Amino acid sequence: MLAQFLGGLLLLLIGLVFVFYGYRIFLVMLPVWGFFAGFWMGANALTLLFGHGFLATTTGWIVGFFVGVFVALFSYLFYFLGVAIVAGIVGYGLGVGFMGVFGLSGGILAFIVGVIVALVVIVLTLVLNLQKYVVIALTAFGGGVAAVAAVLVMFGQLTVQTLREQGDALVAIANISQLWVLAALVLAIIGIIWQLRSNRTYEFHKAYYVQSWG
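Residue numbers (the working numbering): 2 to 215.
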């Protein structure tokens with residue numbers, strides 16, 4: 002029980018960091034997020050298309066690993082495209098998650114909706130040059146969902162095992178109560194406002210990225 006509480010507390014801290022400081026962290030550590038985002042998307046896509054549990058098969062782990070490595074390398078070599086792709090994967094996750102909120106968490110329909118949302122995010126990020134605002138919105142909402150899930154884990158309303166089986170924290174908290182989704186949205190809005198104000202004069206440049214990764 003103590004281990005679950007401490008694990009939830011750690012997840013809560015990480016979630017809040019993303020809510021309020023996601024823009025800077027996301028871009029500096031882009032290849033790392035690229036690996037984890039690609040890993041999750043590869044495994045999740047297999048789950049939706051073939052009905053297996055999330056990471057329940059060796060194939061899911063293998064596909065997730067190779068997709069993660071590809072996205073990480075791509076993010077390292079092609080910074081601007083990498084930002085768009087990783088943001089698109091996060092958008093895919095949110096699209097799939099919201100399908101789960103409405104009781105449509107599995108199957109090809111959820112996959113298609115996720116892909117459509119991913120493409121929209123990529124266009125907004127790359128073509129319309131809204132990189133800063135897309136990243137702020139995605140990190141604030143993703144962090145908000147993680148923070149709410151963490152609180153539920155800390156107080157025994159949600160288990161790590163359930164999160165792993167669901168493969169999507171948004172779906173997991175929605176299954177408990179739609180009010181938790183609303184709480185995540187409120188926290189995300191607060192985070193977006195905070196990030197917009199704190200990053201009003203800050204623009205991330207590729208030079209910062211090069212200094213961090215060489």
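Just so it is clear, CB atoms sit at the ideal spot from N, CA and C, and this is done for glycine as well. In this text, all values refer to a predicted model and were calculated from it rather than measured experimentally.
Nearest C-alpha to L153 among G61, N176, V72: N176. CA-to-CA, the gap between F75 and V187 works out to about 34 Å. Put simply, the backbone Cα of N200 is about 10 Å away from that of I194. Nearest in C-alpha terms to V124, of all of L82, A151, M100, is L82. For L49, the closest C-alpha among the options Y80, G101, I174, F156 is that of G101. Straight-line measurement puts the Cα of A170 at about 12 Å from the Cα of W41.
With fewer than 16 other beta carbons inside 10 angstroms of its own, T202 counts as exposed. By the Cβ neighbour-count rule, T140 is buried, with 16 or more other Cβ atoms within 10 Å of its own. For the pair of segments examined, the stretch 18–37 was found to touch the stretch 83–92: the number of CB pairs separated by less than 8 Å reaches three. Counted as a single uninterrupted DSSP element, the alpha helix (DSSP H) harbouring Q132 occupies residues 132–155. Under the three-state reduction of DSSP, L3 is assigned to helix. Separation of F142 and L110 (C-alpha to C-alpha, rounded to the nearest whole angstrom) is 23 Å. When secondary structure is reduced to three states using DSSP, T126 falls in the helix class. Within 10 angstroms of the beta-carbon of G16 lie 16 or more other beta-carbons, which makes it buried.
Counting C-beta atoms within 10 angstroms of its own C-beta, G192 has 16 or more neighbours from the protein chains shown and is therefore classed as buried. With a cutoff of 8 Å on beta-carbon distance, L129 and A85 are scored as not near each other. Around the beta carbon of A4, a 10 Å sphere encloses fewer than 16 other beta carbons of the protein chains shown; the residue is thus reported as exposed.
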